[in-house]
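Residue numbers (my numbering): 62 to 285.
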C-alpha cells in the first residue's frame, strides 16, 4: 500500500498568474486534509507556509551597486516575467534605475546559462555597447561571462557583470562574480522547520533578507 510522505517542500519560482498553479493548489489542499504538511521556498499562490526571499530588494541591491559605480548604460539579462522570481527582481531593478535616471535595456531569454550566453552574444546589436550587464541570476551571469570571454571582451575592464544568488561557484570564477547573496541554506532550514510545526489557521510567511557581495567582475565607469 502506498503511503503519503509526512511533508513536502517545494523550492523554486512560482508563476505570476495564479491560474497556472490552481491544479497544484487543489492537490496540495487534498494532501493537507489527509494530514500532510507543505512549505514552499519562493512566492507562490498555493496557500501554504512560505519562505520568501525579498526578491524586490534583491534586484534593487544589484541595480544600486551599478548606479553607485556610475553605470548609465546597462543591459539586464532576464528570464521570463511569467515567473514571480523574475518579475519581483525586475521590479526592484527598474525602480532603482528609474530613480537614478537610468533607462536599462532588458532582454529576455531562458533562465539558464545558455540563455545568458545568447543575450551577451547580441550586444553588438545595440547602438552603444553597455558598460555593464546585470544578470537576473548567477547562472545567467556565468553564461554572460563565458560569451564575453569568447568575444574577446575583458571583465570588468571593458564591461562589468553582476549576478544574483551567490551560488557556490560564483567566488571561484575568473573574474570572481559580484552578486547578491541569497541565503539558500538558511531558507531550506526555515522551510523544514515550518514542516515540523502544526498547521496554523493562516499560512505562515517568513521573509529572508539578502546582501551584496562585491568581487572582481564589477568596476567603476572610466571617464574619458
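Backbone N, C-alpha and C fix where the C-beta goes; we use that ideal spot for every residue, glycine too. For clarity, every value in this text was computed on a predicted model and none was experimentally measured.
Proximity to residue i [Cα-Cα], best of the options
i, options, result
"residue 108", "128, 123, 116 and 84", "84"
"residue 269", "102, 166 and 89", "102"
"residue 66", "80, 75 and 92", "92"
"residue 191", "70, 223, 174 and 173", "223"
"residue 219", "261, 175, 123 and 278", "278"
"residue 231", "258, 202, 257 and 248", "202"
"residue 283", "79, 132, 120 and 88", "132"
"residue 208", "90, 273 and 138", "138"
"residue 135", "221, 99 and 142", "221"
CB contact check: residue i to chain D, cutoff 8 Å
i, result
"residue 107", "The structure shown contains no chain D; it is built from a single protein chain."
Backbone CA spacing between residue i and residue j [nearest angstrom]
i, j, result
"residue 215", "residue 225", "20 Å"
"residue 112", "residue 126", "26 Å"
"residue 128", "residue 217", "15 Å"
"residue 317", "residue 146", "The first residue shown for the chain is 62 and the last is 285, placing residue 317 beyond what the model contains."
"residue 228", "residue 276", "13 Å"
"residue 242", "residue 213", "28 Å"
"residue 76", "residue 264", "18 Å"
"residue 110", "residue 70", "10 Å"
Limits of the alpha helix (DSSP H) - the one that residue i falls within
i, result
"residue 117", "116–129"
"residue 88", "83–94"
"residue 150", "145–160"
"residue 245", "245–256"
Range of the contiguous beta strand (DSSP E) that encloses residue i
i, result
"residue 200", "Looking at the DSSP string, residue 200 is not in any beta strand (DSSP E); the run it does join, the alpha helix (DSSP H), is 199–211."
"residue 226", "221–226"
"residue 139", "135–139"
"residue 240", "239–242"
"residue 68", "68–72"
"residue 100", "98–102"
"residue 273", "272–274"
Residue i: CB within 7 Å of a non-hydrogen atom of the ligand COA
i, result
"residue 188", "This structure lacks the ligand COA, and indeed carries no ligand of any kind."
6 Å Cβ shell around residue i - same chain, five flanking residues per side excluded
i, result
"residue 140", "147, 172 and 197"
"residue 116", "146, 149 and 150"
"residue 123", "195, 223, 225 and 241"
Own chain, CB closer than 7 Å to residue i, minus 5 neighbours either side, in chain order
i, result
"residue 161", "128"
Just to confirm the assignment: which complete alpha helix (DSSP H) runs, minimum length 4, are found wholly within the region 163–192?
174–182
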